Amino acid sequence: VSRDFLPRGSGIVTRRPLVLQLITAKTEYAEFLHCKGKKFTDFDEVRQEIEVETDRVTGMNKGISSVPINLRIYSPHVLSLTLIDLPGITKVPVGDQPPDIEQQIRDMIMQFISRENCLILAVTPANTDLANSDALKLAKEVDPQGLRTIGVITKLDLMDEGTDAREVLENKLLPLRRGYIGVVNRSQKDIDGKKDIKAALLAERKFFLSHPSYRHMADRMGTPYLQKVLNQQLTNHIRDTLPAFRSKLQSQLLSIEHEVEVYKNFRPEDPTRKTKALLQMVQQFSVDFEKRIEGSGDQVDTLELSGGAKINRIFHERFPFELVKMEFNEKELRREISYAIKNIHGIRQVLPCLFTPDMAFEAIVKKQIVKLKGPCLKSVDLVMQELINTVKKCTKKLATYPRLCEETERIVAGYIREREEKTKDQMLLLIDIQVSYINTNHEDFIGFANAQQRSSQVNKSAVGNQVIRKGWLTINNIGIMKGGSKEYWFVLTAESLSWYKDDEEKEKKYMLPLDNLKVRDVEKSFMSSKHIFALFNTEQRNVYKDYRFLELACDSQEEVDSWKASLLRAGVYPDKSSTETEENGQADNFSMDPQLERQVETIRNLVDSYMSIINKCIRDLIPKTIMHLMINNV
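Numbering-wise, the sequence shown is residues 3 to 636 according to this note's numbering.
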């Protein structure tokens, strides 16, 4: 710049980046971005302003900051150029500098030099080994090919006698694409003695012309040449990077213009604007809600089932499972049937030839159908809860308007509860309709004749050895020493449950037949985060080796429910707690004669057949009713 305005001294002097814009002009003055409109013509004042501004942000005691100081210098003696002066790397903290000062400065420098569209001016003193240069080392990290690094060698006049930097300046030692330029600046003594910069430039020129090692390249050395090269290189560099830069700007401009279009006729006070914004938000909420139920939402939850998927699971896994859990306790049912038969005949003796099962059958069936109200109403509660959760997730987008968010939630949740009442009434009506008329002419009903012949058998919905489910489970009740408490890959078919070492299914550990197996819940221990269910044999046999139970653990209750629903398809039913019936049985133990036993068996088969028809019908109708009256309506 041919002016003396940068602070100089020992220790760390540059503690903030200085963005220096040189602009060719007729008059000479300087401007700071933080002192808008103030022109500095005295460059001593510029130096003081830099020192004051540095201390203002970094403190008086050698702290650093990455917030730049912006300085523009207009002068007839400069070529247009923008430079950023960065701090040199401090190795040892001084003053109240933090212990990681080196890393802080390094990060700051990296922030600037890693940008592809900047040129790096790597300054190294000639009286140190070039291989130890911090500037070149950092430049090499971000520019390994040396395409945008310009080397500058200073203090050429301070080298030991008999040594020179000729090889470096001829670009032979550590070659850079843009080469090296040597300069000789004023010494601290010259600065203290207020040596004029113009005189210093003449002294530099004289040094290069008179030095035997640099004489042949004196035209390519010195500060004026450096200024010219930097201007030229920067101009070329701008020319190279401009097309890509321009296309990036144009694409940004287009997108911003597109945004501006929306606000062209924007009048903040216009009340219609608020109405429109409100309508748009409510519309967006309704679209989000629909998408979350129907699927294909813009934000797909990858952590858990939600919205429509969760409701689907309630319909097809949870609800059927709840229905089967209601299935009758065998002992209890037989006792009820025998009482019904005896009570219908009253004081008269039951004669086999006069035995008609109708009344006893109807009484028992109606009682069983009424029990279905519980699972049906529970499924409505589960769906309602999921709908309300979905509403809460959808209103998150309205969070910037808390009252709107709150009101929307309140109105929609209120409506969901209103529909819940209607749906529950309809459920109870469906059950009452089934109770009101027992259709024994149904095509799937086995009839009296078949019921007498048929022996009790379990219908398995799964055919042959079809695979019903695969997945990871932990065997919980077997110690680690015996190979338990770790995950295995389980495969459930219609006939067996097998487990393997891993999901490649090469090393089979065990195969458990499903005959006489039942499933029951196990209380979660406070030490474990796992949810557990157990398989056991109804005939008091060991299930696996010398274990009566096989406890299996999953990570969530949902997974447990899902496995139980799969086991149900394979014919493994949930256990009813039989303690109560056993206690009652001891108090009221009675023996049935063979004739009564046969009649009980016949009615038992009829009830079984009719209830499977009802279950099938309910399993189909309940989800449809919930869908129509509740979900679609909401």
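Cβ coordinates follow ideal geometry from the N, Cα and C atoms, glycine included. Given the structure is predicted, the values throughout are model-derived calculations rather than measurements.
Taking 8 angstroms as the cut-off, the beta carbon of T410 is found no closer than this to the beta carbon of F291. Exposure of C37 is indicated by the presence of fewer than 16 other C-beta atoms within 10 angstroms of its C-beta.
Ranked by Cα distance from E561, the options E319, K40 and H79 are led by E319. K373 and L631 do not touch by the CB rule: their CB atoms are close to 23 angstroms apart, not below 8 angstroms. The Cβ atoms of I477 and E388 do not sit closer than 8 angstroms to each other. Following the DSSP letters along the chain, one finds R405 inside the alpha helix (DSSP H) bounded by residues P404 to S438. Fewer than three beta-carbon pairs drawn from the segment 111-128 and the segment 28-46 are found closer than 8 angstroms, and the two stretches are therefore not classed as touching.
E261: not part of any beta strand (DSSP E); member of the alpha helix (DSSP H) spanning T225 to V264, first to last residue. In chain order, L22 place their CB closer than 6 angstroms to the CB of L85, counting only its own chain and leaving out the 5 sequence neighbours on each side. Close CB contacts of R108 within its chain, under the 8 angstroms cut and outside five residues either way in sequence, are with I91 and L140 (chain order). The distance from the Cβ of R471 to that of N635 is about 34 angstroms, inconsistent with a contact at the 8 angstroms cut-off. Per DSSP, F34 lies in no alpha helix (DSSP H); the unbroken beta strand (DSSP E) holding it starts and ends at Y31 to F34. Between G224 and F210, the gap from beta carbon to beta carbon is short of 8 angstroms. Taking the C-beta atoms as reference points, L516 is found nearer than 8 angstroms to A572. Counting the other Cβ atoms within 10 Å of the Cβ of S564 gives 16 or more, which makes it buried. The DSSP-derived three-state label of G148 is coil. DSSP, read as helix, strand or coil, puts M632 in helix.
Taking 8 angstroms as the cut-off, the beta carbon of I418 is found no closer than this to the beta carbon of I448. Annotated three-state conformation of I155 is strand, per DSSP. Per DSSP, reduced to three states, the secondary structure at H218 is helical. Between D136 and D57, the alpha-carbon positions lie close to 26 angstroms from each other. Scanning K399, I615 and E263 for the CA closest to the CA of Q286 turns up K399. I316 is not a Cβ neighbour of A342, given a cutoff of 8 angstroms.
K157 is positioned such that its CB atom lies closer than 8 angstroms to that of P127. The three-state secondary structure of T26, taken from DSSP, is strand. Nearest C-alpha to P322 among N617, V15, E271 and S253: N617.
For I534, the enclosing beta strand (DSSP E) has its first and last residue at H533 to N539. For I339, the closest C-alpha among the options K369, L325 and I349 is that of K369. When V289, V3, R74 and K380 are compared, the shortest CA-CA separation from I624 is found for K380.
Excluding the 5 residues flanking it on each side, V125 has same chain C-beta neighbours closer than 7 angstroms at A137, V154 and T156, in chain order.
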